[in-house]
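Just so you know, the sequences run in chain order A and B. Those letters in the first sequence? Residues 22 to 275, per my numbering, in order. Those letters in the second sequence? Residues 138 to 804, per my numbering, in order. Backbone N, C-alpha and C fix where the C-beta goes; we use that ideal spot for every residue, glycine too.
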Amino acid sequence: MSSNKDMDLLLKIWRQADANSKGELVDYNVTGISPDSSFLEMLDVLNEQLVEKGQEPVVFDHDCREGICGMCSLFINGEAHGPGDQITTCQLHMRSFNDGDTIYIEPFRATAMPVIKDLVVDRSSMDKIQQAGGYVSVNTSGNTQDANALPIPKADADAAFDAATCIGCGACIATCKNASAMLFLSAKVSQFALLPQGKVEAADRVKNMVRVMDEEGFGNCTNTGACEVECPKGISLDNIARMNREYLSASLAD
Amino acid sequence: MSKLDSKIPAGPIKDKWTNHKNNINLVNPANKRLIDVIVVGTGLAGGAASASLAEMGYNVKAFAYQDSPRRAHSIAAQGGINAAKNYQNDGDSTYRLFYDTVKGGDYRAREANVYRLAEVSASIIDQCVAQGVPFARDYGGLLDNRSFGGVLVSRTFYAKGQTGQQLLLGAYSAMNRQIAKGKIAMHNRHEMLDVVIVDGKARGIIARDLITGKIERHSAHAVVIATGGYGNVFFLSTNAMGSNVTAAWKIHKKGAYFANPCYTQIHPTCIPRSGDHQSKLTLMSESLRNDGRIWVPKHKKDVDAIRNGTLKPTQLAEADRDYYLERRYPAFGNLVPRDVASRAAKERCDAGFGVNATGEAVYLDFAAAFVRYGKEKAHVSGLHNPSEEKILELGREVIKSKYGNLFQMYEKIVDENPYMTPMMIYPAVHYTMGGIWVDYNLQTTIPGCYAAGEANFSDHGANRLGASALMQGLADGYFVLPYTIGDYLANEIRTGTIPTDSPEFDAAEKNVTDTINKMMNIKGTKSVDHFHKRLGKIMWDNVGMARNVEGLKEAMAEIKSIREEFWKDVKIPGTANSMNAELEKAGRVADFLELGELFAKDALDRNESCGGHFREESQTEEGEALRNDKDYAYVSAWEYKGEPADAVLHKEELEFNDIELKQRSYK
Numbered sequence: 022m023s024s025n026k027d028m029d030l031l032l033k034i035w036r037q038a039d040a041n042s043k044g045e046l047v048d049y050n051v052t053g054i055s056p057d058s059s060f061l062e063m064l065d066v067l068n069e070q071l072v073e074k075g076q077e078p079v080v081f082d083h084d085c086r087e088g089i090c091g092m093c094s095l096f097i098n099g100e101a102h103g104p105g106d107q108i109t110t111c112q113l114h115m116r117s118f119n120d121g122d123t124i125y126i127e128p129f130r131a132t133a134m135p136v137i138k139d140l141v142v143d144r145s146s147m148d149k150i151q152q153a154g155g156y157v158s159v160n161t162s163g164n165t166q167d168a169n170a171l172p173i174p175k176a177d178a179d180a181a182f183d184a185a186t187c188i189g190c191g192a193c194i195a196t197c198k199n200a201s202a203m204l205f206l207s208a209k210v211s212q213f214a215l216l217p218q219g220k221v222e223a224a225d226r227v228k229n230m231v232r233v234m235d236e237e238g239f240g241n242c243t244n245t246g247a248c249e250v251e252c253p254k255g256i257s258l259d260n261i262a263r264m265n266r267e268y269l270s271a272s273l274a275d
Numbered sequence: 138m139s140k141l142d143s144k145i146p147a148g149p150i151k152d153k154w155t156n157h158k159n160n161i162n163l164v165n166p167a168n169k170r171l172i173d174v175i176v177v178g179t180g181l182a183g184g185a186a187s188a189s190l191a192e193m194g195y196n197v198k199a200f201a202y203q204d205s206p207r208r209a210h211s212i213a214a215q216g217g218i219n220a221a222k223n224y225q226n227d228g229d230s231t232y233r234l235f236y237d238t239v240k241g242g243d244y245r246a247r248e249a250n251v252y253r254l255a256e257v258s259a260s261i262i263d264q265c266v267a268q269g270v271p272f273a274r275d276y277g278g279l280l281d282n283r284s285f286g287g288v289l290v291s292r293t294f295y296a297k298g299q300t301g302q303q304l305l306l307g308a309y310s311a312m313n314r315q316i317a318k319g320k321i322a323m324h325n326r327h328e329m330l331d332v333v334i335v336d337g338k339a340r341g342i343i344a345r346d347l348i349t350g351k352i353e354r355h356s357a358h359a360v361v362i363a364t365g366g367y368g369n370v371f372f373l374s375t376n377a378m379g380s381n382v383t384a385a386w387k388i389h390k391k392g393a394y395f396a397n398p399c400y401t402q403i404h405p406t407c408i409p410r411s412g413d414h415q416s417k418l419t420l421m422s423e424s425l426r427n428d429g430r431i432w433v434p435k436h437k438k439d440v441d442a443i444r445n446g447t448l449k450p451t452q453l454a455e456a457d458r459d460y461y462l463e464r465r466y467p468a469f470g471n472l473v474p475r476d477v478a479s480r481a482a483k484e485r486c487d488a489g490f491g492v493n494a495t496g497e498a499v500y501l502d503f504a505a506a507f508v509r510y511g512k513e514k515a516h517v518s519g520l521h522n523p524s525e526e527k528i529l530e531l532g533r534e535v536i537k538s539k540y541g542n543l544f545q546m547y548e549k550i551v552d553e554n555p556y557m558t559p560m561m562i563y564p565a566v567h568y569t570m571g572g573i574w575v576d577y578n579l580q581t582t583i584p585g586c587y588a589a590g591e592a593n594f595s596d597h598g599a600n601r602l603g604a605s606a607l608m609q610g611l612a613d614g615y616f617v618l619p620y621t622i623g624d625y626l627a628n629e630i631r632t633g634t635i636p637t638d639s640p641e642f643d644a645a646e647k648n649v650t651d652t653i654n655k656m657m658n659i660k661g662t663k664s665v666d667h668f669h670k671r672l673g674k675i676m677w678d679n680v681g682m683a684r685n686v687e688g689l690k691e692a693m694a695e696i697k698s699i700r701e702e703f704w705k706d707v708k709i710p711g712t713a714n715s716m717n718a719e720l721e722k723a724g725r726v727a728d729f730l731e732l733g734e735l736f737a738k739d740a741l742d743r744n745e746s747c748g749g750h751f752r753e754e755s756q757t758e759e760g761e762a763l764r765n766d767k768d769y770a771y772v773s774a775w776e777y778k779g780e781p782a783d784a785v786l787h788k789e790e791l792e793f794n795d796i797e798l799k800q801r802s803y804k
């Protein structure tokens, strides 16, 4: 941890007017940043300064600012969500940096996630993967069976929960040298593969989700494991292995 | 006033909902395909409603300002969801859940709505499990429960500290299935900026595409507002940065009454603020009060020593600690309802016993739980005479398995290890019980316009119990609105598609465009946040945890003056026809600057203390909140008349036939 002294920093931030424009890194100085402030609060300070000067503030995605909505998506000094294990950008605090540091701030990059403006990217391709099968086909009704009619071993329920904690931020995709969405996809496939509710549609689910992932232009998995390292929720590579098993058995059944 | 017809069905309370469902109009499946419904907001209420309506056959057009429906702020709810399942065999029932919720709301909720909420609560759990929501389970594979404040049973279902996330992802998955089928047209990164009313009925909305800035017209046979609460009027709250009142405020300006705006929940267990740079506050789930004990030092000298760092909280002897909730409320102890816990923390801190530099923090201490769980674990593991250190180690492991992510979140923000030193907490604005007035069918005072979830006012009275927000959002979205809206839509089967080229759409769009242009052309000197922070400060100081007549009058005047200054001096760089976060914020803050004044006006009118609303003029000799049922057992529904100060009050008198009104006691 650095000292409690306020910090002065040089920021090199990706600015891009819109999807069709060419972007570039622009230098900004910020001063008097409290080490207790979050990374996004530091950007708030910068933006307040830019507004005062009548310049357009830096646009970045953010919402809950407590690490759960998955909106924030910055590549900081070459790392998705910056330094630190299992945190989102909004949970990164300035005490992780030192006075006088230069910080590079870029958007999450992947062909399937084009830049919309500045640091904001279009992640609708990730929603499309979910729409291809990331659900159990059950309608709303007041007459589904009692929740306790179907006991589920605690270990399975816990493992399904761990997979289900993915926040859909896209750090895995931005980190992967192939821009693969395998960790993201496998987390949803695993959640349902581990639960009896998901078994009925398991084969179609995995095949359709993988098909859409390919169609949307995500790359293939070459097992580098970088996604797991940068995942803010610690989603395990085991999920990819499980997904591959599911995919293989679904394909063999054809 | 004829407009305020709550439409509560006749008959005994336990039969009202069943009878109502049996008697309301239905739309046949073929005709549902001819009907469009707009749903604004994709949190638990909006997401569940969108999915359910689409499954039934309606054409749904859903809107979210985020880039995906999965990011709505319901995602951040931590602790759990209540349901009267009685799986723990502790005597729970629909009636008990109903009773606890009405009492917890300090007898300011509508009985019939709350009973229905309790009645459908069990179906929510069944539905979510069927969707594959991974709730916590015990070793027998059955669902686990925990306790929350204000109740004496264990009825809260949970998924570690991420219950909201798991429930929202369940609703999101149900939406995805319908999006894939084309039954939901999902409009991400869109913000609703007005409602369109044709022949007295809500027929569509004007929305801004937040990427291109394009102003769009969308029509439907009914409009559902499920846009959450307005806690961000305080600037600092546990809400998401984008959470806003805009959709609710726009329908208010077009005729929807706004109910009980002053009912705000100040949540007792949040991470204290650390400085001026702060952009939001973070909640630590109330579930922590199951195992954490809240205290401050008994003596001022110890407070000083802790503040200047010469004494660590862990070094202070038991006898020198004041576990003030256990002292004041022995029956409920650390599990008193939120409003009571928050005021008690404020009372201690105002008296000078706050434990951090700002003087606004109390301890939430798990030391006793480490020992209790550690001993139990040692016993189970067959360890004889374990060392004290071993017991603590085992106990910390148990706590980690229960609240691991919360402890981790705390450490990331505060940079202190809560396994080794007590957490510091302080109350923060969290939830708004007030909202758009709705009848039993969740219809607002605009025909064809509905409000669901936190956006409406109906179920929590003056204070919401823990784990009841998720219950209400999903009850409205899955099990209430999809039925009740059919009663209205049954008359729309011959209407045909609503055209968007009518004079009403022209006028609404022009109104939106004019407002945006006006804002962009002010070209003043101060940022949007400048005004938002000033509004937040006056709200917190004068309309926060304790309110009095002078402070409220001052707040009304000052908010009006900030609003006037905003419209003369705000500075918004960039253009209106591109992505412009400052413009988005400006629109939201402009609405907060109107709502804030109505909020204070409502608080001024209610000269009683109830739930989250504490009027200093109305308290007992011991300083407890004093309700006044004779004069104030009504819902305040405000009609828009231009300036917020000119809003007209309509009263819906609350009738309690199934619960006896009592002064709440948690002693």
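Problem set entry | Three-state secondary structure assigned by DSSP to residue 23 of chain A | Confidence in residue 23 of chain A is poor, its pLDDT being 43 and thus under 50, which makes the residue's placement unreliable; the coordinate value appears in the next sentence. Three-state result, residue 23 of chain A: coil.
Problem set entry | Minimum Cβ-Cβ distance from residue 234 of chain A to chain B less than 9 Å | no
Exercise. In chain B, which residues lie with their C-beta within 8 Å of the C-beta of residue 129 of chain A?
Worked result: The contacting residues do not exist; residue 129 of chain A stays about 12 Å from chain B at best.
Problem set entry | Contact set between residue 616 of chain B and chain A, taken where Cβ atoms lie within less than 8 Å | 161 and 163
Problem set entry | Exposure of residue 204 of chain B, with buried meaning 16 or more beta-carbon neighbours within 10 Å | buried
For this session: Put residue 80 of chain A into one of helix, strand or coil per three-state DSSP.
Result: In the three-state scheme derived from DSSP, where H, G and I count as helix and E and B as strand, residue 80 of chain A is classed as coil.
Exercise. Between the segment 154–165 of chain A and the segment 221–240 of chain A, are three or more C-beta pairs nearer than 8 Å?
Worked result: yes
Exercise. Residue 239 of chain A versus chain B: which residues are under 7 Å apart at the beta carbon?
Worked result: Neighbours of residue 239 of chain A on chain B: none; closest Cβ ~16 Å, over 7 Å.
For this session: Label residue 23 of chain A either buried or exposed according to how many other C-beta atoms from any shown protein chain fall within 10 Å of its C-beta, with 16 as the threshold for buried.
Result: Here residue 23 of chain A scores only 43 on pLDDT, less than 50, and its place in the model is too uncertain to base an answer on.
Problem set entry | Neighbour flag for residue 168 of chain A against chain B, beta carbons, 9 Å | yes
For this session: Check each candidate in B:416, B:795, B:371 and B:498 and name the one with the smallest Cα separation from residue 440 of chain B.
Result: B:498
Exercise. Applying a beta-carbon distance threshold of less than 7 Å, which residues of chain A neighbour residue 260 of chain B?
Worked result: 163
Exercise. In chain order, what residues of the same chain have a beta carbon less than 7 Å from the beta carbon of residue 465 of chain B, not counting five sequence neighbours either side?
Worked result: 481
For this session: For residue 761 of chain B, I'd like the list of residues in its chain whose CB is within less than 6 Å of its CB, leaving aside the five on either flank, ordered along the chain.
Result: none
Exercise. Per DSSP, residue 386 of chain B is paired with what?
Worked result: Looking at the DSSP assignment, residue 386 of chain B forms no beta bridge with any residue, so it has no partner.
For this session: Report back the beta-carbon spacing between residue 738 of chain B and residue 693 of chain B to the nearest angstrom; my notes put them in contact at under 8 Å.
Result: 6 Å
Problem set entry | Beta-carbon proximity check, residue 358 of chain B vs residue 638 of chain B, cutoff 9 Å | At the C-beta level, residue 358 of chain B and residue 638 of chain B stay beyond 9 Å of one another.
For this session: Following the continuous beta strand (DSSP E) through residue 774 of chain B, name the residue where it begins and the one where it ends.
Result: For residue 774 of chain B, the enclosing beta strand (DSSP E) has its first and last residue at 771–776.
Exercise. Given a limit of 7 Å on CB to CB distance, which residues of the segment 279–295 of chain B reach chain A?
Worked result: 279 and 280
For this session: Please check the pair residue 598 of chain B and residue 245 of chain B, which I expect to be a contact at CB under 8 Å, by giving their CB distance rounded to whole angstroms.
Result: 4 Å
Exercise. When DSSP labels each residue in this structure, what does residue 273 of chain B get in the three-state scheme?
Worked result: Of the three classes helix, strand and coil, the one that applies to residue 273 of chain B here is coil, per DSSP.
For this session: Take the Cβ of residue 164 of chain B as the centre, count every other Cβ of all protein chains shown within 10 Å, and call the residue buried at 16 or more, exposed below.
Result: buried
Problem set entry | Option in B:167, B:152 and B:145 with minimal Cα separation from residue 631 of chain B | B:167
Problem set entry | Whole runs of the beta strand (DSSP E) within the segment 392–431 of chain B, excluding any shorter than 3 residues | 401–407
For this session: Could you work out which residues of chain A lie near residue 731 of chain B, taking near to mean beta carbons separated by less than 8 Å?
Result: Ordered by position in chain A, no residue passes the 8 Å Cβ test against residue 731 of chain B, which lies about 23 Å from the chain.
Exercise. DSSP on residue 676 of chain B, reduced to helix/strand/coil?
Worked result: helix
Exercise. Run through DSSP, which three-state label would residue 342 of chain B get?
Worked result: DSSP places residue 342 of chain B in strand when its eight states are reduced to three.
Exercise. So does the segment 231–243 of chain B actually touch the segment 792–802 of chain B, counting three or more Cβ pairs closer than 8 Å?
Worked result: yes
Problem set entry | Backbone secondary structure at residue 805 of chain B - three-state DSSP | A question about residue 805 of chain B goes unanswered here, because the residues of chain B that appear run from 138 up to 804.
Problem set entry | Buried versus exposed call for residue 276 of chain B [16 or more other C-beta atoms within 10 Å across all chains shown] | exposed
Problem set entry | is_contact[residue 139 of chain B, chain A] using C-beta, thresh 9 Å | Summary for residue 139 of chain B: the model assigns pLDDT 49, below 50, so the residue's position carries little reliability, and this model does not support an answer.
For this session: Could you tell me how far apart the beta carbons of residue 741 of chain B and residue 690 of chain B are, in whole angstroms, since I believe they sit closer than 8 Å?
Result: 7 Å
For this session: State yes or no: is the C-beta of residue 492 of chain B within less than 9 Å of the C-beta of residue 551 of chain B?
Result: no
Exercise. Under 7 Å Cβ-Cβ, which residues of chain A neighbour residue 547 of chain B?
Worked result: Within 7 Å Cβ-Cβ: nothing; residue 547 of chain B doesn't reach chain A, min ~11 Å.
For this session: Check each candidate in A:193, A:257 and A:275 and name the one with the smallest Cα separation from residue 241 of chain A.
Result: A:193
Problem set entry | Per-residue contacts from residue 77 of chain A into chain B (C-beta, under 7 Å) | Result: 710 and 711.
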